[in-house]
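Residue numbers (my numbering): 35 to 337.
Built from N, CA and C at the ideal position, the CB exists for glycine as well.
Keep in mind it's a predicted model, so treat the numbers as computed, not measured.
First up is the structure itself, then whatever we jot down about it.
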Ligand code: CP
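And the structure:
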């Protein structure tokens, strides 16, 4: 079993990992040796803070070991992804990969003897969605019928949030004036529409009115944020997206809590005032990446 998109996980499987993650957070000592002598290879083509830290600490706290591989310093750069993965999966018990292309991730999963976890690619970020749902469950006490509004660019995080929400009964509305071409997944949207729990609109003021949770993410993918070649596009996006910034004015008639998967760009998709306000559950959300990393690892390695 892999964790590549969340699309092939059942609601029961997702809820099981969320419940297990809450239990792990409550009683970490019970799981101290759960992955004794197990190794996780973590390979990164892109930068990361949370995904790297959460999985590495998770393995240590579960009694196992994680090794960090920077893609650029490995022979993945000059050989076939499948060949290198065939080797890697003979030496470790699980692989977590943050790759740029979804096709490379799929090739890796096809070639691997051991479970592969998608640590975020151009289309999906399933580990983030599981941590987000755990946070909603913790804060509101339930998932079913919770109203979550995602405001920003339709990207990998948005895709996985749609899958996770619609599978667990969270009503998700997206407000996404821009869509990342490389993140588009028609099949995912069609499946979400069939559940009746997914809507999309550009009426941001109306969308946030009765929301329980408002969620945003960067307007520019991490690999482009500091890229001088992307400067013009970044400026264009900023102009177009500014009316959708999460700030005090937007939320003045809303009691919603605020989430962000981080890294944040203060004064772009979200104001500092909101980040520092009582509404923000952003740091708890990011902390929960650790417990859900453990929940995911246990699910994949103990079944
Ligand atoms: N949210 C998230 O995946 O954080 P990193 O990019 O820092 O891993």
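Cα-Cα separation between residue i and residue j, rounded to whole angstroms
i           : j           : result
residue 333 : residue 51  : 7 angstroms
residue 177 : residue 65  : 25 angstroms
residue 347 : residue 329 : The question about residue 347 has no answer, for the chain in this structure spans 35 to 337.
residue 399 : residue 214 : A question about residue 399 goes unanswered here, because the residues of the chain that appear run from 35 up to 337.
residue 124 : residue 100 : 15 angstroms
residue 93  : residue 163 : 20 angstroms
residue 59  : residue 95  : 12 angstroms
residue 208 : residue 200 : 12 angstroms
residue 71  : residue 102 : 17 angstroms
residue 76  : residue 210 : 32 angstroms
Nearest to residue i (by Cα), restricted to the options the options
i           : options           : result
residue 7   : 305, 322, 81, 285 : The requested residue 7 is not part of the displayed model; the chain covers only 35 to 337.
residue 252 : 214, 186, 290, 37 : 186
residue 239 : 289, 261, 197     : 289
residue 218 : 42, 297, 189      : 189
Proximity test, residue i beta-carbon vs the ligand CP heavy atom, cut-off 7 angstroms
i           : result
residue 117 : no
residue 44  : no
residue 297 : yes
residue 107 : no
residue 159 : yes
residue 300 : no
residue 55  : no
residue 313 : no
residue 147 : no
Residue(s) in a DSSP beta bridge with residue i
i           : result
residue 291 : 247
residue 152 : 131
residue 77  : 103, 131
residue 280 : 304
residue 182 : 206, 247
residue 87  : BP columns for residue 87 are empty, so no partner.
Unbroken beta strand (DSSP E) run spanning residue i, endpoints
i           : result
residue 316 : Residue 316 -> not in any beta strand (DSSP E); alpha helix (DSSP H) instead, spanning 316-335.
residue 97  : It is not in any beta strand (DSSP E) - residue 97 carries neither H nor E in the DSSP assignment.
residue 141 : Segment 136-145 is the alpha helix (DSSP H) holding residue 141; no beta strand (DSSP E) there.
residue 227 : Run containing residue 227: none in the beta strand (DSSP E); it sits in the alpha helix (DSSP H), 220-229.
residue 211 : 205-213
Terminal residues of the alpha helix (DSSP H) in which residue i lies
i           : result
residue 338 : As displayed, the chain neither begins before 35 nor continues past 337, which places residue 338 out of reach and without an answer.
residue 285 : Residue 285 -> no alpha helix (DSSP H), and no H or E assigned at all.
residue 263 : Note, residue 263: premise wrong, no alpha helix (DSSP H); not H, not E.
residue 198 : 190-202
residue 311 : First-last for residue 311: undefined, no H or E at that position.
residue 123 : From DSSP, residue 123 is part of no alpha helix (DSSP H); its letter is neither H nor E.
residue 71  : Segment: none, residue 71 is in no alpha helix (DSSP H) and carries neither H nor E.
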